[in-house]
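Residue 4 in this note's numbering sits at position 4 of the sequence shown; the count goes up by one each step and never skips. Note that CB positions come from ideal geometry on N, CA and C, so glycine has one too.
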Amino acid sequence: MVAALLVACAIVSEVVATLALRASNGFSRLGPSAVVVVGYMLAFVLLAQALKTLNVGPVYAIWSGVGTVGAFIGGVLLFGEEARPTTLIGVGLVVAGVLVMNLGGGLKH
1 MVAALLVACA
11 IVSEVVATLA
21 LRASNGFSRL
31 GPSAVVVVGY
41 MLAFVLLAQA
51 LKTLNVGPVY
61 AIWSGVGTVG
71 AFIGGVLLFG
81 EEARPTTLIG
91 VGLVVAGVLV
101 MNLGGGLKH
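Here it is, written out as structure tokens:
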């Protein structure tokens, strides 16, 4: 339960950092650039703690897949990026891939 919460917080941290990366304008804006550094550092620390008790394959699939979808949704909502039909299909495939990856079970080691 605690490990799952760590993964969830790592995902939120990574998505925030990724969106801040977009807002940093190539690291030319100090505030968003600081959020990028702190956000990614926090994401990796939290993920590392979760991996003490969880298997890396399924957890990485969840972290990267949900982070990808979260960054996509954030880009649409915050930056007005387009959500084209093919992009939405891709999001569906990412979600399906994460689900299939986790069907094998074995999250905990």
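Closest Cα partner of residue i within the set the options
i	options	result
S64	A83, L30, A3 and T18	T18
H109	A50, A71 and G74	A50
V192	R22, V69, R29 and L42	Since the first residue shown for the chain is 1 and the last is 109, residue 192 is missing from the structure and cannot be characterised.
L107	P58, A3, R22 and V2	P58
V76	R22, F27 and E14	R22
Coarse secondary structure for residue i, derived from DSSP in three states
i	result
L54	strand
Backbone CA spacing between residue i and residue j [nearest angstrom]
i	j	result
S24	V100	35 angstroms
A10	L103	22 angstroms
I73	T86	15 angstroms
F44	L30	21 angstroms
F79	V12	18 angstroms
Cut-off 7 angstroms between Cβ atoms - residues of its own chain near residue i, not counting five sequence neighbours on either side
i	result
V16	V35 and G39
key: Those runs of the alpha helix (DSSP H) which lie wholly inside the segment 69-105 and span at least 4 residues   = 85-103
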